[in-house]
Structures are given as structure tokens and as C-alpha cells.
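First the structure, in the form of C-alpha cells, and then the observations on it.
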């Protein structure tokens with residue numbers, strides 16, 4: 280778990296990731312993805328190491344990491360539910376689904392339940408627009424979402 | 006002989022339960038001692054019928070759908086493996102009207118072949134365009150693409166051949182082909198479908214682009230929201246490399262070309278080509294001012310072709326069948342076919358590839374069959390979140406770049422999202438501004454500040470604070486954003502806003518907006 284990681288451990292692992300990927304043309308996004316894959320978010324301590332390895336300033340790396348919606352700066356819950364909020368899903372009652380998810384979980388967008396079980400994130404289009412509304416649970420796609428399905432989904436991840 | 010059963014691996018089909026159906030069929034066949042070969046294909050794009058199962062018979066493929074795991078035993082009992090009748094029978098796949106009415110040039114093999122079988126791809130005329138291209142002078146390849154009339158399918162509609170010529174003519178030690186697979190528009194899924202269902206055609210199109218322009222390296226920049234497409238594209242590239250289609254000696258021609266897949270990180274604006282290039286370079290995805298054009302100074306400052314997935318996937322058939330063949334489809338200056346993605350509140354949602362020229366009404370009423378909810382269609386957003394909302398009065402607009410532009414709209418990446426009469430158009434206008442505010446890269450003021458102000462102005466109209474003045478202000482703000490923004494995000498956000506205001510003025514009377522909590 281991230282909290283038990285020491286600064287040295289983060290630095291060692293991030294250095295290995297950078298060594299692996301620094302040869303790519305434009306390596307920063309692949310590196311940040313790999314770091315997030317490792318910890319579930321971008322630990323503060325990773326930025327300095329990446330900056331040093333890529334010969335960038337820490338501010339530049341921070342600028343990139345903070346620009347993209349995908350990169351988290353805090354550990355997410357054990358499960359991540361993403362609900363599509365874009366037009367095709369709106370046309371099929373996506374807003375009501377989004378409201379119900381917030382109500383059931385008692386949290387807003389990009390927040391995590393106090394028991395650390397679920398993080399709720401908005402997403403703008405999963406490409407399932409012909410079978411809306413859509414969501415993604417821990418990387419798994421769900422289409423034609425309705426209230427019952429959402430309730431079951433939330434129950435499953437919280438059990 | 007083992008019986009062939011086809012089930013899609015397309016992510017939308019899987020989201021509707023295709024994997025569970027595949028497991029149930031394999032198990033049932035095993036229990037009954039029937040020898041079957043399960044082949045996972047892309048989707049045919051008939052999403053209201055997914056998961057759709059197809060059986061190979063002597064008379065062609067027979068389809069059943071939408072199938073759930075609970076239906077599987079009954080299907081076996083009904084003898085579906087020999088095309089037996091069952092309530093889920095759809096008859097011959099090719100005869101399903103939604104499919105039969107299409108002209109599938111770009112998506113010719115999608116849903117038919119195993120996406121990761123190069124043999125299957127070759128057996129269905131795969132690599133034929135590339136083989137012809139390798140015998141041509143690069144300038145002749147560019148000429149073919151120019152003569153075909155192919156225009157950028159990402160939305161801008163810029164002639165692909167002219168872009169290629171600019172890169173071909175630019176002297177440089179290194180050039181790039183960048184495939185824009187950052188399909189962020191709501192209502193669109195053509196790129197995802199073809200990358201999952203027919204990845205080799207994109208590889209083939211990119212190699213042809215490389216040979217035509219002198220580029221030896223290609224990147225597919227796609228979205229993190231498309232994990233299955235990323236996995237399948239990556240595997241397909243490895244397979245193509247193993248078969249020496251990619252690498253230092255493309256099909257023994259002595260020409261080099263290789264491809265890498267890169268994943269974005271949830272920024273809509275990275276679908277804009279210069280922002281995409283910055284992101285690919287590992288920078289913030291902010292828009293670059295043009296000039297210089299990417300064709301002169303693109304990825305890492307080198308001449309770069311940035312083409313949409315569908316543009317590149319249309320190239321192999323043009324080279325294989327000839328520029329004239331492709332150009333003979335379509336209308337006006339919109340030549341060839343366009344994969345229309347029918348989405349939102351529709352009875353028959355999916356991908357419909359056809360020559361340009363169908364009217365919006367034909368698409369919505371005849372092909373999509375109206376709404377899924379059974380209520381009247383009230384508005385159709387064409388071209389993604391930056392596209393205009395069309396009322397029924399404009400349903401005679403033909404699907405053509407210029408015809409839509411003439412009516413203050415755009416066809417964009419050809420997604421259409423249908424809404425029934427419960428839609429609140431002021432809410433949709435507010436969402437357009439809100440989305441622009443969330444996704445703005447921040448580089449130019451009209452987009453960064455204008456979108457936030459736009460949301461506030463709509464809220465004031467809703468609350469009844471001097472609404473007439475606010476509507477004038479909103480109109481003025483849209484003018485500023487349209488003409489003052491650096492890219493299409495800020496520049497086109499006025500399309501949905503102004504079309505909502507112009508065509509549905511009664512929705513802009515003060516009333517409470519049912520907005521999901523932030």
C-alpha cells in the first residue's frame with residue numbers, strides 16, 4: 280500500500296520505470312502511466328525523480344501530471360467507478376444514473392467513500408454511445424446501465 | 006468438420022455480455038458433445054442486437070441476437086448450429102436490412118474476420134492496397150489519394166492527398182505518420198470499432214501513408230478510455246512485425262516502417278492535432294498556434310502527417326480498387342463513404358457506413374427507427390459535443406460537409422446523438438459550455454474564460470435575471486469564442502449553444518435546470 284512506501288522505495292521504483300521507458304520518443308506520458316499503474320496515483324515524491332531522469336524541471340513534470348484528468352494525486356479507493364456524463368448517455372438518462380450513484384455512495388465526483396472502498400469519477404465518453412448509458416468499473420465496461428444494475432454494481436464493489 | 010460460431014469481442018458487445026455468452030456456448034457445446042470452434046470477431050455494428058451470435062452454414066452466416074447466457078440452451082435445443090428457427094433468429098446476417106442497406110468499404114471486414122488473424126485478413130483482400138502501393142512511385146500513391154477525393158474523417162474535412170503531398174515535399178531526415186485515434190466525441194465509436202475489429206487495415210493505411218510521404222515511423226495516439234482497442238492494436242502490430250509487414254523491410258520491399266501505440270490521459274483537447282502532438286512529445290496537451298503546420302513542423306519538429314483513424318483505414322481500399330472506384334460514391338465535394346455512428350436515444354443504434362448524401366431525416370427516422378423510448382425525436386446533435394443540434398425542420402439536410410456547414414452545423418466525426426422530447430435544450434447549451442470549461446487547454450482566453458462565463462450566463466437566464474439581456478450577451482460571447490479561439494474546442498462550442506438557442510428558443514425561458522450535482 281502506498282502509505283507504507285518510503286521515499287527511497289518510491290525513488291528506486293520510479294528510477295527503474297524511467298530507465299525502462301526513457302528511450303522512447305516523448306517518454307513522459309508512458310512513464311506517468313506506469314507510475315500510476317504501480318501506485319494507483321502519482322506520488323508527490325515521484326515527480327523529482329522523473330524530472331532528474333528526463334533532465335526536466337520538477338515544475339515541468341508537475342505541469343504535465345496536473346494537466347491530464349487521468350492522473351490522480353491521491354490514492355483512490357479499492358474500486359473505481361467511472362460514469363459517462365457525455366451527450367449520448369445524457370440522451371438515455373445518464374444524468375439520473377449519475378445522481379443516483381452519488382446519492383448511493385454519498386460522495387461527489389472524484390471523491391472516495393470514507394471506508395476507502397469506492398472512488399467515483401466522471402468520464403466523457405467510453406465509446407458505447409449506441410448502448411448508453413455506460414460506465415466502467417475497475418476497467419470493465421458496462422453498457423445499458425439502469426438503476427437496478429447500478430445498485431447491484433455498487434453492492435458488489437462494496438461487499 | 007468443426008462448426009464455426011462467431012461472437013464479437015468488441016468492447017461494447019462485451020459490455021453487453023458477449024464474454025458470458027461465449028462461455029455459455031462453449032460449455033453447452035461441450036456438454037452436448039458438439040465440436041465447435043468459437044471465433045471472436047469485431048462487431049458488425051448492430052448494437053441493439055448485441056451480443057449477436059453468428060453460425061457459419063453452407064448458405065452463409067446466420068445470426069441470432071441479442072443473446073443472453075440464459076438463451077443458450079434453448080438455442081441449442083432449437084438446432085441453431087444448423088440455422089434452426091428460434092425467437093432470436095435474425096436470418097442471414099447479410100440480409101438484415103440495417104446491414105444490407107450499407108456500403109461497407111472501410112469496414113468491409115469488421116465483424117467478419119478474426120481481428121488478430123493475418124491469414125483471415127489476407128483471405129479477405131487484406132494487404133492488397135499495400136502491395137499495389139509498393140509497386141507505385143510514392144508521388145503516384147499521393148496522386149491516387151488526392152484523386153479519390155478523400156477528406157479528413159476526424160471532422161475538419163481537409164483533403165488527405167494535399168496533406169500527404171505537403172509532407173512528401175518537405176525535406177527532412179525523419180518524418181512521421183501520426184494516427185489520431187483520440188476519439189473523444191460523444192456519439193462516436195467508429196475508430197474504436199475498427200481498431201478492435203480490423204486493426205490490420207489501420208496498420209496497412211499507415212504503412213501506405215509512410216511510403217507515400219517518406220515517413221518511417223508511425224504512432225497511434227489513442228484514449229485511455231479504450232483499453233481493449235489499445236490491447237488489440239498493440240497485439241496486431243506485434244503480429245504484423247512478426248510477419249514482416251512492419252519493420253525494416255516491409256513485405257520485402259526494402260522500405261522501412263514501424264508503428265507504436267501511445268495512450269492519452271483523459272484530455273478531450275488532445276484530439277486536436279497540435280495538442281495531440283504536444284501530448285505525444287510528453288508535454289501538456291496545449292494547442293499550438295498554426296503556422297507552422299504539422300505537415301512542416303509536427304512531432305518533434307519534423308514533418309508529420311496527422312490523420313484520423315477512418316481516413317487512414319480508407320486508404321487501402323482506394324489503392325486496391327482505384328481512386329475512381331472510391332470517388333464514384335458520395336455527393337458534391339464529399340466523396341466516398343462515411344461511417345455514420347447512430348447513438349443516444351435510438352431504436353436501432355450502431356454503425357452505418359454509406360455514401361455521403363443521405364438526409365438526416367432518412368438516417369434518424371428510417372435507419373435508426375426513431376427513439377428507443379418511443380417518444381418523438383426532438384433534437385439531433387451531429388458531430389459530437391462541438392456539433393450543432395438539429396431540429397426536425399432541418400431533417401432534409403444531406404449528410405455532406407458543405408451542406409451541414411451551410412446550416413451552421415458540421416458533420417465532424419459523423420456521430421449523431423438523438424434526443425426525444427424530454428430534452429431541455431437550455432440544459433444542453435449549458436453542458437456544451439461546461440464541457441468546454443472542463444476540457445479547455447487554457448492557452449487562449451475566449452475558450453478558457455468564455456466557457457466559464459457562458460455557463461454563468463445560461464444559469465442567469467435560467468434564474469430569470471434579466472434574461473433578454475443575458476441572451477444577447479450569450480450570443481455575443483459565442484461570436485467572440487467562434488472567431489477568437491485558437492482551435493475548434495473554443496471555436497466550435499458556439500455551434501451547440503447557438504443552435505439550441507436559435508432552433509429551440511422556447512427552452513430558454515427561465516426555469517430550473519435539472520443539473521447533476523458537481
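Chains as they are written, first to last, in my numbering: chain H, 280 to 438; chain L, 6 to 523.
For glycine and all other residues, C-beta sits at the position ideal for the given N, C-alpha and C.
Own chain, CB closer than 7 Å to residue i, minus 5 neighbours either side, in chain order
| i | result |
| --- | --- |
| residue 198/L | 15, 47, 48, 50, 115, 356 |
| residue 19/L | none |
| residue 329/H | 293, 297, 310, 340 |
| residue 308/L | 172, 175, 177, 180, 300, 301 |
| residue 342/L | 108, 110, 111, 334, 358, 359, 360 |
| residue 52/L | 17, 354, 355 |
| residue 147/L | 166, 169, 170, 173, 217 |
| residue 213/L | 134, 135, 138, 146, 320, 321, 324 |
Host alpha helix (DSSP H) of residue i (start-end)
| i | result |
| --- | --- |
| residue 283/L | 278-285 |
| residue 461/L | 450-468 |
| residue 435/L | 430-444 |
| residue 341/H | 337-346 |
| residue 288/H | 286-300 |
| residue 483/L | 472-489 |
| residue 50/L | Where residue 50/L is concerned, there is no enclosing alpha helix (DSSP H), given that its DSSP letter is neither H nor E. |
| residue 235/L | 232-247 |
| residue 88/L | Unbroken run through residue 88/L: none, as it is neither H nor E. |
| residue 324/H | 323-333 |
| residue 134/L | 133-139 |
| residue 611/L | The question about residue 611/L has no answer here: the residues shown for chain L are numbered 6 through 523. |
| residue 427/H | 426-437 |
| residue 317/H | 307-318 |
| residue 77/L | 77-82 |
| residue 103/L | 102-105 |
Sheet register partners of residue i (DSSP bridge)
| i | result |
| --- | --- |
| residue 37/L | DSSP lists no partner for residue 37/L. |
| residue 59/L | 11/L, 68/L |
| residue 96/L | 68/L |
| residue 126/L | Answer is none; residue 126/L lacks a bridge partner. |
| residue 500/L | Its beta-bridge partners do not exist; DSSP assigns none. |
| residue 358/L | 344/L |
| residue 421/H | 414/H |
| residue 519/L | Per DSSP, none; premise fails for residue 519/L. |
| residue 222/L | 181/L, 263/L |
| residue 385/L | 395/L, 423/L |
Chain-order list of residues whose beta-carbon lies under 6 Å from that of residue i (same chain, five-residue window excluded)
| i | result |
| --- | --- |
| residue 431/L | 512, 513 |
| residue 281/H | Low confidence applies to residue 281/H: its pLDDT is 47, below 50, so where it sits in the model is not reliable enough to give any reading. |
| residue 133/L | 325 |
| residue 411/H | 367, 368, 371 |
| residue 419/H | none |
| residue 66/L | 59, 98 |
| residue 469/L | 515 |
| residue 363/L | 404 |
| residue 306/H | 300 |
| residue 23/L | 12, 13, 56 |
| residue 220/L | 180, 181, 182 |
| residue 447/L | 453 |
N- and C-terminal bounds of the beta strand (DSSP E) containing residue i
| i | result |
| --- | --- |
| residue 371/H | From DSSP, residue 371/H is part of no beta strand (DSSP E); its letter is neither H nor E. |
| residue 274/L | Careful: residue 274/L lies outside any beta strand (DSSP E) and carries neither H nor E. |
| residue 267/L | 263-268 |
| residue 362/H | 358-363 |
| residue 250/L | No beta strand (DSSP E) holds residue 250/L; DSSP gives it neither H nor E. |
| residue 425/L | 420-425 |
Cβ-based neighbour list, residue i, same chain, cut-off 8 Å, excluding 5 preceding and 5 following
| i | result |
| --- | --- |
| residue 412/L | 393, 395, 399, 402 |
| residue 524/L | Beyond the ends of chain L as shown, which are 6 and 523, falls residue 524/L; an answer cannot be given. |
Nearest neighbour of residue i, chosen from the options [CA to CA]
| i | options | result |
| --- | --- | --- |
| residue 304/H | 475/L, 372/L, 285/L | 285/L |
| residue 386/H | 359/H, 404/H, 423/H | 359/H |
| residue 167/L | 298/L, 509/L, 30/L | 298/L |
| residue 140/L | 224/L, 258/L, 208/L, 191/L | 258/L |
| residue 383/L | 149/L, 365/L, 426/L | 426/L |
| residue 226/L | 255/L, 446/L, 194/L, 312/L | 312/L |
| residue 452/L | 249/L, 433/L, 497/L, 410/L | 497/L |
| residue 224/L | 436/L, 203/L, 482/L, 282/L | 282/L |
Near the ligand SAM: residue i beta-carbon under 8 Å from a heavy atom
| i | result |
| --- | --- |
| residue 377/H | In the structure on display, the ligand SAM does not appear, and there are no ligands present to speak of. |
- Task: Just list the alpha helix (DSSP H) runs in the stretch 388-417 of chain L, keeping only unbroken ones of 4 residues or longer that don't cross its boundaries, in chain order.
- Result: 406-411
- Query: Which ranges would you report for the alpha helix (DSSP H) in the stretch 380-414 of chain H if only whole runs of at least 4 residues count?
  - Reply: none
- Query: Where are the alpha helix (DSSP H) runs, 4 residues long or more, that stay fully inside the stretch 150-212 of chain L, in chain order?
  - Reply: 165-174, 195-202
- Query: Which parts of the stretch 283-347 of chain L are runs of the alpha helix (DSSP H), unbroken and 4 residues or longer, counting only runs that do not cross its ends?
  - Reply: 314-326, 328-332
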